[in-house]
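> Under the working numbering, the first residue of the sequence shown is numbered 50, with each subsequent residue one higher.
A virtual CB, placed ideally from N, CA and C, is assigned to each residue, including glycine.
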Amino acid sequence: MVMGARKFILLTIFVVLLGTSREAWAQKISIHMNNATLEEVLKKIKKKTKYDMMYQMKDVKEIDSRQSVHFDETELQEVLAFCLQGLPLDFHIYNQTIIITKKNTVPLPAMRTIKGVIRDEDGIILPSATILVKGSSRGTISDKNGQFSIRIPEGENTILITSYVGKKTCYTPITQDNSYTITLLTDVSEVEDVIVNGYQVIAKNEMTGATSTVNAKDIRTPGATSLEAAFQGALNGLEIMIPSGNIGSTGRMKVRGTSTIIGNPEPLIVVDGIIRENIWPFDRNTLYDLLNENDLSNSARSSIMGNNLSGINVDDIASITLLKDVSATAIYGIRASNGVIVITTKQGHSTRPGVRFRSDITFSPVPTYHNAKVMNSAQRVELSKEMIEAGIPIPSFPEEIGYEAAYLKMINKEISYTEFNEEVTRLEQTNTDWFKALGRTAISQNYHVSFNSGKDGMAYYSSFGYRKENSAYVGNDRETFTGMLNFNYNSSPKFKIAVNLSGYHITTSGYYTGINPEQYALTTSRTITSDQFYTKGKATLLSYRKNGTYQSVRNRVHFNMLHELRHTGNDNKTSEVNLNAQFTWNLLPYLNISVTPAYSQGTNDSQLWADAQSWNVAQLRGCDYNATLSEEIQNLMEYISPLPTGGILDYTRNTRRSLTVKGQINFRKTWGEETFHSVTATLGVETRKNKYDGKQGIEWGYARGKRNTLLHDYRSPSDKFQQVQEQFPGIGLVESSDISQTEHDMTLVDRVENTFSEYGTIGYTYDSRYTICINVRNDASNRFGEHTNNRFYPVWSTGVRWDMHQEKWYPAKPWLNASTLRVSYGKQGNVVANVSPKTLVSHVPSDPITNESYLQLEQLPNPNLKWEKTLSWNVGIDLSLFQNNMEISFDYYKKETSDIVVEKEIPIENGFRKMYINSGAIDSEGYELQVKLSPLSTRDWSWTVNFTAAYMKDILKRSYTDEPALERFTNGNAALDGFPVSGFWSIPFIGLSPKNGAPLFAVMDQVGGEMQKVSGSLLDYLVYSGDSEPRVSGGISTTVRYKRFTLNAMFNYQLGHYKRLNPFITSSNNGMLSIPGADMNASTELLTRWQQPGDETHTRIPALSTRDEDVSQYLPDNSLSLGNYDAVYRYSLYNRSTERVVSASHLRCNRISLNYQTRIPRITEINLGITVTNPFIIKNRRLGDQDPEVMSMNADSYTPTMKRQQNYSISAEFIF
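1. G712 lies in the beta strand (DSSP E); which residues open and close that run?
2. From G272 to H607, what does the alpha carbon distance come to, in whole angstroms?
3. Going by C-alpha to C-alpha distance, which of K1108, V430, G188 and V798 sits closest to S574?
4. So which of D852, W858 and A508 has the shortest CA-CA distance to G925?
5. For R1211, count neighbouring Cβ atoms within 10 angstroms of its own Cβ and tell me buried if that reaches 16, exposed if not.
6. Is G514 near S558, with beta carbons less than 8 angstroms apart?
7. Look at G651 and I353 and say whether their C-beta atoms are less than 8 angstroms apart.
8. In whole angstroms, what is the alpha-carbon distance linking Y815 and V118?
9. Rank S921, F1113, V994 and G524 by C-alpha distance to the C-alpha of Y1292 and give the top, closest one.
10. For N495, does the count of other Cβ atoms within 10 angstroms reach 16, so buried, or fall short, so exposed?
11. Go through the stretch 482-545 residue by residue and report every complete run of the beta strand (DSSP E) that reaches 3 residues or more, in order.
12. So for S275, helix, strand or coil by DSSP?
13. S643 to T736, Cα distance in whole Å?
14. Taking three-plus beta-carbon pairs below 8 angstroms as touching, is the stretch 1215-1232 in contact with the stretch 1127-1134?
15. Based on the DSSP secondary-structure assignment, which residues constitute the bridge partners of V1030?
16. With three or more beta-carbon pairs closer than 8 angstroms as the criterion, would you say the stretch 923-942 touches the stretch 969-984?
17. Am I right that I296 and E277 are in contact with their C-beta atoms under 8 angstroms? What's the rounded C-beta distance?
18. Run through the DSSP bridge pairs and tell me what I971 is partnered with.
19. Can you look up Y1179 in the DSSP assignment and give me helix, strand or coil?
20. Would you kindly check if the distance between the Cβ of R168 and the Cβ of T230 is under 8 angstroms?
21. Tell me the residue span of the beta strand (DSSP E) that contains S817.
22. Let's see if you can read the secondary structure: which residues bound the alpha helix (DSSP H) around A252?
23. My output table needs one value for Y569: the three-state DSSP class, helix, strand or coil.
24. What would DSSP say about T479, mapped onto helix, strand or coil?
25. Would you tell me roughly how many angstroms separate the C-alpha atoms of L59 and S512, rounded to the nearest one?
26. For a test of the three-state rule: what should DSSP assign to L1071, helix, strand or coil?
27. Under 8 angstroms, with one C-beta from each stretch per pair, do the stretch 254-270 and the stretch 1179-1198 reach the 3-pair mark?
28. Can you check which of these residues, M459, P416, L371 and L1005, is closest to S520 by C-alpha distance?
29. For chain C, find out if any of its Cβ atoms is closer than 8 angstroms to the Cβ of K545; answer yes or no.
30. If T1133 and D1245 are in contact, beta carbons under 8 angstroms, what's the gap, nearest whole angstrom?
31. Would a C-beta distance cut-off of 8 angstroms place D972 and I1004 closer than the cut-off?
32. Is S1074 closer than 8 angstroms to F1028 when the C-beta atoms are compared?
33. At the level of alpha carbons, what is the spacing between D1069 and V1160?
34. If I measure Cβ to Cβ from A508 and keep anything under 6 angstroms in the same chain, skipping five residues before and after, which residues do I get?
35. Please list the terminal residues of the continuous beta strand (DSSP E) segment that includes Q656.
36. Where DSSP assigns a beta bridge to N264, which residues make up the other side?
Encoded structure:
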């Protein structure tokens, strides 16, 4: 009797399956389904067991009968036997694969053997992967080493279908080769079946909150200067502004609007379940002056110091999850009112050892004047000529540079007219390229190597990273070392240990206070050569009284930017070590206890320095370095100069030590026969302590070099004054104020933050259709000390979920696969760390006159100060369409924040003009939309698109602040009730005067340029210009794959906000029009300025006037005065007018990358790629070279930041 081919195949499979492991057959599951098809039942079993399944789709689909299945903790084979009873199908279980076959046979063709190995994209071998021959029931499983062997028919166009849990199915065409390496990529949809919130791992179908998740491989951007820049636009609902292109700078993040005015608005950062704190104890803009955002030295320092994301290597990240609404974030209590970013790092696998090495080389080209609205040298010379001819007063200018110097020499007959013309021609042709002089073609390098292995219940992942970044501007560099070790050990089925050790060291170099190469290139005249020293100010060396009158000795100090860069600096070193462990005891199958201790220590050392040769120190010293002085003055230098020797060191040193301990009980139980029930619960306590120790000081006499010595002179000013009078009586009375500069000043920081928390969650799911979840947390903080009424603050939330597609009545449409409705509501709190209910004082150095120490009052007490409170609710709907090829998620939210800490003006007899109270209120609402598309998916081609959009509006309902001054209105800091927190106002511009080309304004000016006196409040003169922060933000990413080539592009966009253009001409300190000096460049807008009557019909750029008009006399009570000056100048108002407001909506391309995947013998996989970072931006043409993301709204000077740079990267990855 001849046996049929199919029977032979089935018999062979049966013999193989005799080796089925006992562990596989012992698998128990709980399943409850009503009136379901066989296909639906099998899918549910696959999801419950995480086993792979092998069967012919047509064999299962032709079974049109329905059945009800109800089992609880029942062995898998019993469940399968029940489901297949009476059907022409049979099943077998091998390792973790269920094979379902028909009970008939076909002839067996000639066969050949194909062998291979299965790996993931990291080179990790994949045991128990399923390999099927397309179009047949033939298949096999990879062994523990990821290897497989399968026989296929000879002479047929065979395709192997390889699948694995959490990986995308791979289709491999078989050629003449008999050996293959198959790489499976991570399937995002599989990974996103769970949500990691740092305390729990929640099944996605039980999540009631609003979250967004992205995999690290999707955001990895070679050349990105920060992690925030890499995932900008990738996480829906997370608005990221990158205000500077400095290496070391960080982005500003905000989730769902603003919930605080004075407090920190950024989301909480959590890494592997532990909160990652900043090393600085206060806001990055300041250290010792808690709320002063205008401190220039701290602004320079914070521009490169990074944040709590800086030391995280993107190659060590597995996924990033954004928790947005109260249901998702309530478990973090008071720290989470601004959202939570949860970062999960890569873990080890119990496989044979694997190694992965990656390298990126990034090129940054020299910046250019492209799109810069600044004059070339010929245009600048012509402007100077026109101003002199028009009789416009030139400010005190250096006699040695520019057209002005040549003109002055000619009229003083120092040079002839011919020599004058020759000098003018030379100046016109100089045209120094300051970008080229101050920039460079920078090369940056990045290397990362990781090791992965495991055996006998142990698994580890370790990595080491090195990155050397160089800016396109000389003087801005960063060097980063990172290391990580993740270790997991299952000592028994009852006990598990997970340990994470990570650390980093970052060294960053930046610029001294007031030094900005990009700003210098844009604002400095191109008639000056790059090696030229020119006068930049005069310094007073000596003041004295002679014959009853004050006199002084003043010296010119000379400046050269390249020289200044060599003799000033901003050095920052940051190190951090993080260690956390989790011990888990499984008491029962549904109950476990975990204890997690974590310790973190970080240090930051920042030095702003200027040596004796710098211009900054020359200003203080009173003369240039090695200047030629008279013998008498030279002898007096020790006494009369504030800084006779050495330079300045402005330093901060800070150490943070954090200790966290949390204990948690986790419960999960499922039961039911007719219907399915699931209960999850968590109960825990957590204590957290942050200890900050630091100091900040300014040292005079700093001698930079190998020893970096300090030349202290602790003599008091009065002692010096007395010595001068005794030794040099002939020079008269020296004013002691001129020699009273502080030479040694230090501020100590000692701050402790203690928090104790109790938290709990409970969730119930009924029949996989309805879910309800409740979260409660109670936080206690030492910020409120003995004020027990506010020491504790409860946070709670509740959420419900309805999976409509699980309903029996749900329409079985091929285009409508799943529908889910989510609703959440709850209350959160926030504590403003920089404000205390108690009196704040600081120790002040001894008084220079009395030599007595004293305390300085910093903040008045307010025992009624309490938590900021936020009530919020969220409604969301999730849809899966067209065989899951389109996924749509939509959320609407509303937040009401009250008791916001604001400044309240008080009578000056209290000793302060302001104090802090809980009186503010903000209402926020918004919409969020995310669409994922997979319009094309074949063996050779695939195309995916991800689109996110978030609309947000926040309105300040109550601030209790007095009407601000004009400057705060125009700069967006007014905080006016009924308007957005970041709203700003402008003077309504109505045109130019036909008489003199001066700017005219509504209300203030009548038609024809006549003046009228008006009365009223400040807002009567202003119009609302809009929000300075985006109303709409989002991202677009698209990936196209053709065979081994992958093209990816990522964009982010921000819409609905406005910015103020850089001033067409800067103002002086008191707001008066400031004509550019000979060393300054000017805007090309001046080329189209008003110059004669009639020009007002075709230009809106005012004339350069011989005088700037003070219009305050026409306004009641000087209500429009700027700063501390009563005068209000017309040209300053022009820079604050509606004419200088422009839309900042833009679309930025974050990156475009092209990758190719291949392999060679002994190397599992090679990935090669090229990436362009920041290739282009689509924005309003009027912005020119201004970056619309820069948040500065200053109307008096150029924005002092550096734009994001365009980079080109080459990448290579090798997996062994």
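A quick look at the data gives this:
1. Taking the first residue of the sequence shown as position 1, residue 712 is located at position 663. Element bounds for G712: G696 to W720.
2. Taking the first residue of the sequence shown as position 1, residue 272 is located at position 223. Taking the first residue of the sequence shown as position 1, residue 607 is located at position 558. About 37 angstroms.
3. Position 525 of the sequence shown, counting from 1, holds the residue named residue 574. The candidate whose alpha carbon is nearest that of S574 is V430.
4. Counting from 1 along the sequence shown, the entry for residue 925 is found at position 876. Closest option to G925, Cα to Cα, is D852.
5. As a first step, residue 1211 is located in the sequence shown; it is residue number 1162 there, counting from the start. Counting Cβ neighbours within 10 Å, R1211 comes out exposed, since fewer than 16 surround it.
6. Working through the sequence shown from its first residue, we reach residue 514 at position 465. Working through the sequence shown from its first residue, we reach residue 558 at position 509. For G514 and S558, no; Cβs fall outside 8 angstroms.
7. For the purposes of this step, residue 651 is identified with residue 602 of the sequence shown, where counting begins at 1. For the purposes of this step, residue 353 is identified with residue 304 of the sequence shown, where counting begins at 1. Not closer than 8 angstroms, so no.
8. Along the sequence shown, read from residue 1 onward, the residue named residue 815 stands at position 766. Along the sequence shown, read from residue 1 onward, the residue named residue 118 stands at position 69. For Y815 and V118, the distance between alpha carbons rounds to 16 angstroms.
9. It is not possible to answer for residue 1292, since the shown part of the chain is limited to 50 through 1265.
10. Here residue 495 refers to the residue found at position 446 when the sequence shown is read from its first residue. So N495 counts as buried.
11. 491-504, 507-519 and 526-541
12. Counting from one through the sequence shown, the residue named residue 275 turns up at place 226. Looking at S275 - three-state DSSP - the assignment turns out to be coil, as it is neither helix nor strand.
13. What you label residue 643 is simply residue 594 of the sequence shown in a count that begins at 1. What you label residue 736 is simply residue 687 of the sequence shown in a count that begins at 1. So the two alpha carbons sit approximately 15 angstroms from each other.
14. no
15. To locate residue 1030, count along the sequence shown from 1; it is residue 981. Bridge partners of V1030: none, in fact.
16. yes
17. For the purposes of this step, residue 296 is taken as residue 247 along the sequence shown, with counting starting at 1. For the purposes of this step, residue 277 is taken as residue 228 along the sequence shown, with counting starting at 1. Not quite, the Cβ-Cβ distance comes to about 14 angstroms (not below 8 angstroms), so this is no contact.
18. Here residue 971 corresponds to residue number 922 of the sequence shown, with the count starting at 1. T946 and L1005.
19. Within the sequence shown, the letter at position 1130 stands for residue 1179. For the sequence presented, residue 1179 should be read as Arg rather than Tyr. Here R1179 carries a helix assignment [DSSP, helix/strand/coil].
20. Counted from its first residue, the sequence shown places residue 230 at position 181. Counted from its first residue, the sequence shown places residue 168 at position 119. Yes; because the gap between Cβ atoms is below 8 angstroms, this pair is in contact.
21. Indexing the sequence shown from 1 puts residue 817 at position 768. Per DSSP, S817 belongs to no beta strand (DSSP E) and is neither H nor E.
22. Reading the sequence shown from its first residue, position 203 is the one you call residue 252. First-last for A252: V250 to A252, but that is the beta strand (DSSP E), not the alpha helix (DSSP H).
23. In the sequence shown, the residue the question calls residue 569 occupies position 520. Three-state result, Y569: helix.
24. Here residue 479 corresponds to residue number 430 of the sequence shown, with the count starting at 1. Three-state DSSP puts T479 in a helix.
25. In the sequence shown, counting from the first residue as 1, residue 59 sits at position 10. In the sequence shown, counting from the first residue as 1, residue 512 sits at position 463. Confidence is the limiting factor: at L59 the pLDDT is only 40, short of 50, which leaves the residue's position unreliable and the question unanswerable from this model.
26. Taking the sequence shown and counting its residues from 1, one reaches residue 1071 at position 1022. L1071 falls in the coil class under three-state DSSP.
27. Under the 8 angstroms Cβ criterion, the stretch 254-270 does not count as touching the stretch 1179-1198, having fewer than three qualifying pairs.
28. For the purposes of this step, residue 520 is taken as the residue at position 471 of the sequence shown. Considering only alpha carbons, the answer is P416.
29. Among the chains of the structure shown, chain C does not appear; only one protein chain is present.
30. Stepping through the sequence shown from its first residue, residue 1133 is reached at position 1084. Stepping through the sequence shown from its first residue, residue 1245 is reached at position 1196. At roughly 20 angstroms, the Cβ-Cβ gap does not stay under 8 angstroms, so T1133 and D1245 are not in contact.
31. Counting from 1 along the sequence shown, the entry for residue 972 is found at position 923. Counting from 1 along the sequence shown, the entry for residue 1004 is found at position 955. Result yes, Cβ atoms of D972 and I1004 sit closer than 8 angstroms.
32. Translated into positions along the sequence shown, residue 1028 becomes position 979. Translated into positions along the sequence shown, residue 1074 becomes position 1025. No, these two residues do not count as a Cβ contact at 8 angstroms.
33. Locating residue 1069 in the sequence shown gives position 1020, counting from the first residue. Locating residue 1160 in the sequence shown gives position 1111, counting from the first residue. Rounded to the nearest angstrom, the two C-alpha atoms are 16 angstroms apart.
34. As a first step, residue 508 must be located in the sequence shown, where it is residue number 459. The residues are G397, H398, S399 and N537.
35. Within the sequence shown, numbered from 1, the residue matching residue 656 stands at position 607. L640 to A659 is the span of the beta strand (DSSP E), which, as asked, contains Q656.
36. Numbered from its first residue, the sequence shown carries residue 264 at position 215. N264 pairs with S368.
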